[in-house]
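Numbering (the numbering used here), first residue to last: 1 to 159.
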Amino acid sequence: MITDVEFRQALGTFATGITVAATLDKDGQPHGLTVNSFNSVSLDPPLVLWSLNKQSHQLDVFAESGFYGISILAEDQMEISNRFAAMIEDRFDGINWQAGGTGAPLLDGALATFDCKVEQIVEGGDHIILIGRVLSVTKRDAAPLLYHEGAYKSLGSTL
Numbered sequence: 001m002i003t004d005v006e007f008r009q010a011l012g013t014f015a016t017g018i019t020v021a022a023t024l025d026k027d028g029q030p031h032g033l034t035v036n037s038f039n040s041v042s043l044d045p046p047l048v049l050w051s052l053n054k055q056s057h058q059l060d061v062f063a064e065s066g067f068y069g070i071s072i073l074a075e076d077q078m079e080i081s082n083r084f085a086a087m088i089e090d091r092f093d094g095i096n097w098q099a100g101g102t103g104a105p106l107l108d109g110a111l112a113t114f115d116c117k118v119e120q121i122v123e124g125g126d127h128i129i130l131i132g133r134v135l136s137v138t139k140r141d142a143a144p145l146l147y148h149e150g151a152y153k154s155l156g157s158t159l
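What follows is the structure, encoded as C-alpha cells:
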C-alpha cells in the first residue's frame, strides 16, 4: 500500500499548468481557487474537467452554480495563483476579470479562458470531478505558468 506522501510526491513529478476555476454564487459574488487538475475530456462535444476536494469551503457554490470559468495562467501571473490558493476572504479584490456568456469570471491576462456549463459532476474518492461543456474560449500568446515538484517553474527551451 502506498502512503499519501508517496502518492503526492509521485504526482508532483508531472509538470502541469496552473489555472483558476471561478464561478458566481446565487448573489452574484465571484468565487475562485487555484487548480492544477484541469484537463481536456473531449473535442466533440468540447468538454473539460477539473477536480475539487470534498472538504473545500467552495464546494457548494461550484456544485450549485451550474457554470464555471477556467483561466489558464501566464508566467507573469504567479501572484494571482498564490492569491487564489490562499485562505483569504475576497480573492477577487483588485483582480481584473470579465464575465463570460454564462456569467463565469474569466481573468484578464490569462493565456486562455474557457467558459463552461456544468455537464456532469462525478464522485472521485475524496474529490468531485466537474465536467464542463465549453461554450467559448479565448487565447493569447505568452509563456505559461508551470508547477512541478511543489514549485513554480517557467518553460524551458523547445526540444
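Beta carbons: idealized from backbone N, C-alpha and C, even for Gly. Since this is a predicted model, take the numbers as computed values, not measurements.
Under the criterion of a Cβ to heavy atom distance below 8 Å, does residue i qualify as lining the ligand COA?
i	result
valine 122	No copy of the ligand COA occurs in the structure displayed, which carries no ligand at all.
Please name the residue or residues paired with residue i in a DSSP beta bridge.
i	result
arginine 133	Leu47, Lys117
leucine 146	Gly17, Lys153
With distances taken Cα to Cα, identify the nearest neighbour of residue i among the options.
i	options	result
methionine 87	Gly32, Asp60, Asp25	Gly32
leucine 73	Gly124, Ala99, Gly94, Ala21	Ala21
glycine 103	Ile80, Glu149, Leu135, Leu49	Leu135
phenylalanine 84	Ile2, Asp60, Ser56	Ser56
glycine 28	Tyr147, Val61, Leu49	Val61
glycine 156	Asp4, Glu75, Ile121	Glu75
Using 8 Å for Cβ pairs, my map puts residue i next to residue j. What's the rounded Cβ distance?
i	j	result
glycine 150	glycine 17	Not a contact, Cβ separation roughly 15 Å.
isoleucine 95	leucine 106	Wrong, their Cβ atoms sit about 11 Å apart, outside the cutoff.
leucine 145	methionine 78	6 Å
Taking a contact to mean a Cβ-Cβ separation below 9 Å, would you say residue i touches residue j in this structure?
i	j	result
aspartate 126	asparagine 36	no
glutamate 119	leucine 47	yes
proline 45	tryptophan 97	no
- Determine contact between the region 105-114 and the region 55-69, defined as no fewer than three beta-carbon pairs at a distance below 8 Å. Counting C-beta pairs with one atom in each stretch, the region 105-114 and the region 55-69 have three or more that are closer than 8 Å, which means they touch.
- Task: Determine, using beta-carbon pairs with one atom in the region 116-135 and one in the region 36-46, whether at least three such pairs fall under 8 Å.
- Result: As far as the Cβ criterion goes, the region 116-135 touches the region 36-46, which means the pair count is three or higher.
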